Amino acid sequence: AMMALLNATADKVEFCRQYGIEIEEKDWPVHYLPEAIIADRGELEGGNIDNLINILNVKVQNTPPYRADLKSTVERFFGLTNERVKPFLPGVVNLDGRERGDKDYRVKAKLDLFQFTQIMIKCILYHNNHYHLDYYKRDEDMIEDNVPCIPIELWDWGIANRGGTLRTVPEDVAKLALMPSDTATVTAKGIRYKDMYYAAKSMLKNGMFADARTKGTRKIKISYDPRNMDYIYVYNDNSNGYEKCFLVDANS
Numbered sequence: 016a017m018m019a020l021l022n023a024t025a026d027k028v029e030f031c032r033q034y035g036i037e038i039e040e041k042d043w044p045v046h047y048l049p050e051a052i053i054a055d056r057g058e059l060e061g062g063n064i065d066n067l068i069n070i071l072n073v074k075v076q077n078t079p080p081y082r083a084d085l086k087s088t089v090e091r092f093f094g095l096t097n098e099r100v101k102p103f104l105p106g107v108v109n110l111d112g113r114e115r116g117d118k119d120y121r122v123k124a125k126l127d128l129f130q131f132t133q134i135m136i137k138c139i140l141y142h143n144n145h146y147h148l149d150y151y152k153r154d155e156d157m158i159e160d161n162v163p164c165i166p167i168e169l170w171d172w173g174i175a176n177r178g179g180t181l182r183t184v185p186e187d188v189a190k191l192a193l194m195p196s197d198t199a200t201v202t203a204k205g206i207r208y209k210d211m212y213y214a215a216k217s218m219l220k221n222g223m224f225a226d227a228r229t230k231g232t233r234k235i236k237i238s239y240d241p242r243n244m245d246y247i248y249v250y251n252d253n254s255n256g257y258e259k260c261f262l263v264d265a266n267s
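Just so we're aligned, residue 16 is where the sequence shown starts under our numbering, counting upward by one.
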């Protein structure tokens, strides 16, 4: 859930380009923080949402158990995506038709994560720009302006006529707030996390690692992107501040 929220704040032109898909800003003009989100408990419940609320100022409302109907739009999109994609993809598994002794489908995957993401991006682009929402009830102003019941058309009309506050945040701030957090160790060789070492130039200048050599190691709080461990974020004494640290050779 947190990674999905991070993607919501990302520049979609650049995001799609990472997967070999070229779009224009108008095709997916959404890179903003929501004012509030409705979640189904899980990751967005309890202490896991502190950063979301305190750093990004996003309100979170969790639905009761077994009430998928309270977020039916999202649930229906899952079903629509399956209906559109599954008949044409290699390796689709009919879980209801499996029998005892069938081969383990997990070792016969046909798509890697990169290819799967490409497919999901194209599904989203189609849905946002071409899918007609038969169930959507337009108000009088929308009918008067002849707004089609297509997600991108409704979005553009709403931004122009309904106002609202579209908030953006720097990518590093969003990652600090939304990525998993953990504890790392300050050592003489750098900040150690999962047998890897990280550092920032400012830390070398202020003697942070030299202090660890003379005064001993200490624990610090970090955030990290599990998709890319080339860097981590170290929290400053100011809870809203951070330092971005990059992977280093501990022997250099």
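In this text, a Cβ means the ideal position worked out from N, Cα and C, and glycines have one as well.
Treat the numbers as computed from the prediction; the structure is a model and nothing was measured.
DSSP-derived helix/strand/coil call for residue i
i: residue 76; result: strand
i: residue 167; result: helix
i: residue 173; result: helix
i: residue 126; result: coil
i: residue 205; result: strand
i: residue 181; result: coil
i: residue 246; result: strand
i: residue 225; result: helix
i: residue 240; result: strand
i: residue 189; result: helix
i: residue 16; result: coil
i: residue 211; result: strand
i: residue 235; result: strand
Pick from the options that is closest to residue i, judged by C-alpha positions
i: residue 65; options: 244, 193 and 174; result: 193
i: residue 53; options: 139, 204, 74 and 67; result: 74
i: residue 202; options: 189, 132, 218 and 141; result: 218
i: residue 251; options: 228, 36 and 215; result: 215
i: residue 227; options: 238, 240, 206 and 236; result: 206
i: residue 132; options: 197, 31, 256 and 23; result: 31
i: residue 130; options: 72, 171 and 33; result: 33
i: residue 243; options: 195, 223, 172 and 266; result: 195
i: residue 185; options: 262, 167, 70 and 43; result: 70
i: residue 124; options: 107, 238 and 140; result: 107
i: residue 98; options: 119, 142, 200 and 19; result: 142
Exposed unless 16 or more other CB atoms sit within 10 angstroms - verdict on residue i
i: residue 46; result: buried
i: residue 229; result: exposed
i: residue 183; result: exposed
Whole-angstrom C-beta distance between residue j and residue i, which should lie under 8 Å
i: residue 138; j: residue 151; result: No, residue 138 and residue 151 are not in contact; Cβ-Cβ is about 19 Å, not under 8 Å.
i: residue 209; j: residue 248; result: About 15 Å separates the two Cβ atoms, so there is no contact after all.
i: residue 172; j: residue 157; result: 7 Å
Extent of the continuous beta strand (DSSP E) to which residue i belongs
i: residue 52; result: 51-54
Cβ of residue i within 9 Å of any chain D Cβ
i: residue 246; result: Of the protein chains in the structure, only one exists, and it is not chain D.
Residue interval of the alpha helix (DSSP H) (run including residue i)
i: residue 218; result: 216-220
i: residue 67; result: 65-69
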